[in-house]
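Put into structure tokens, the structure is as follows:
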């Protein structure tokens, strides 16, 4: 099965960004829209209370499980939105480093946002994603 996602970079834009600026998927690809992946353990408790990196890692773990159930993996992700409950840029960077490392060479277009609050008790990180696969 060939990969559906093509990452697009531009020599006309800054190379300081640690992600591709755009991505495409062919018309025949099946899109997977993932709910925001939260740092929840199987029993519903929040993982990594107070730890941005641990929560980002749990979000990636949960996202990977959801993607697999839908027939995909992290290499099929076409874009992400990383939400971090903090007004400190350094906290956003801590979470982003975990996300960037999880995706490795597949540096999908991403948006990193600081927000005031997230939905679960003690939640600091949430990651939304869209993926595209060929069946």
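In my numbering, the protein residues as written are 41 to 175. Heads up, the beta-carbon is just placed ideally off N, CA and C, and yes, glycines get one too.
Within the region 113-144, complete beta strand (DSSP E) segments of at least 3 residues are found at 117-125, given in chain order.
Residue 123 places its beta carbon less than 9 Å from that of residue 158. Membership of residue 156 in any alpha helix (DSSP H) is not indicated, and neither H nor E is assigned to it by DSSP. Per the DSSP secondary-structure output, residue 173 pairs in a beta bridge with 70.
Look at residue 93 here: in three-state DSSP terms it is helix. Residues 60, 61, 62, 63, 64 of the same chain have their beta carbon placed closer than 7 Å to that of residue 48, with the five preceding and five following residues left out of the count. Beyond the five residues adjoining it in sequence on each side, residue 82 comes within less than 8 Å, by CB distance, of no other residue in the same chain. The DSSP-derived three-state label of residue 47 is strand. DSSP, reduced to helix, strand and coil, places residue 82 outside both helices and strands of the structure shown, so it counts as coil. Separation of residue 128 and residue 88 (C-alpha to C-alpha, rounded to the nearest whole angstrom) is 18 Å.
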